[in-house]
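**Student:**
In the numbering used here, the protein residues as written are 42 to 239.
#1: Taking the beta strand (DSSP E) that residue 63 falls in, what are its first and last residues?
#2: On a Cα-Cα basis, can you pick out the residue from 188, 179 and 187 that is closest to residue 117?
#3: Just to confirm, is the Cβ distance from residue 136 to residue 98 under 9 Å?
#4: Quick one: any contact between the segment 120-132 and the segment 150-164, if contact means 3 or more CB pairs under 8 Å?
#5: With burial defined as no fewer than 16 other Cβ atoms inside 10 Å of the residue's Cβ, what is the status of residue 141: buried or exposed?
#6: Would you list the residues sitting across from residue 135 in a DSSP beta bridge?
#7: Using a Cβ-Cβ cutoff of less than 7 Å, which residues in the same chain neighbour residue 43 once the five nearest sequence positions on both sides are dropped?
#8: Which residue or residues does DSSP assign as beta-bridge partners of residue 99?
#9: Once the 5 residues before and after residue 154 are set aside, which same chain residues still bring their CB inside 7 Å of it?
#10: Report, in whole angstroms, the separation of the C-beta atoms of residue 61 and residue 50, which I expect to be a contact under 8 Å.
#11: Suppose the cutoff is 6 Å on Cβ atoms and the five residues either side in sequence are ignored; what does the same chain contact list for residue 55 look like?
#12: Which one of 105, 92 and 167 has the shortest CA to CA distance from residue 177?
#13: Using only alpha-carbon positions, find the residue among 166, 120, 101 and 76 that is nearest to residue 93.
#14: For residue 181, report the span of its beta strand (DSSP E) as first-last.
#15: Tell me whether residue 130 sits in a helix, a strand or coil according to DSSP, three-state version.
#16: Since residue 52 is in the alpha helix (DSSP H), which residue starts that stretch and which ends it?
And the structure:
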């Protein structure tokens with residue numbers, strides 16, 4: 042059995058994702074050792090400056106997964122929800138998780154998001170392995186489970202009244218138009234490479 046992820050793996054495993062989630066556990070840890078994914082070329086630095094960034098994509102088609110997961114009464118879905126019910130989770134997603142630089146499709150992953158500082162590695166690892174075993178019981182052998190800490194933004198929990206929302210939307214449109222005009226004028230004067238700026 043593999044041990045817990047290093048502090049570096051915990052904090053850099055999802056490097057590139059905007060929410061900067063922290064890895065708790067993954068079912069693939071005993072078969073896929075994590076190494077800091079550095080871009081090729083000279084670099085003695087192993088921080089984030091030269092790292093490939095992670096990305097998420099929709100899972101797309103999978104011969105068994107779509108059929109079983111999209112049925113709320115399927116034993117797969119019921120068993121997965123039951124397996125994660127003993128932790129403070131707020132999302133179970135099935136996504137492709139990979140690096141921006143790869144041309145091939147990243148692997149599909151069952152991702153479970155938990156509230157920060159609520160799940161120790163030992164318990165998380167056991168649950169990730171249990172989820173993997175459930176997938177395999179349903180003849181799905183190509184999907185691993187990852188558990189990460191994630192925060193639900195407060196703005197998603199607050200209902201904004203309609204006038205406030207409309208004001209914010211109007212302000213956003215004005216700002217977008219303003220900066221588009223500025224970028225266009227700089228581009229015409231040759232002062233800024235607009236493609237590089239964005």
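Every residue gets a Cβ at the ideal spot worked out from N, C-alpha and C, and that includes glycine.
**Tutor:** So, to answer that:
#1: 63-67
#2: 179
#3: yes
#4: yes
#5: exposed
#6: 151
#7: 70 and 71
#8: 136
#9: 130, 131, 132, 189 and 191
#10: Not confirmed; about 14 Å, so no contact.
#11: 62 and 95
#12: 105
#13: 76
#14: First-last for residue 181: undefined, no H or E at that position.
#15: strand
#16: 48-53
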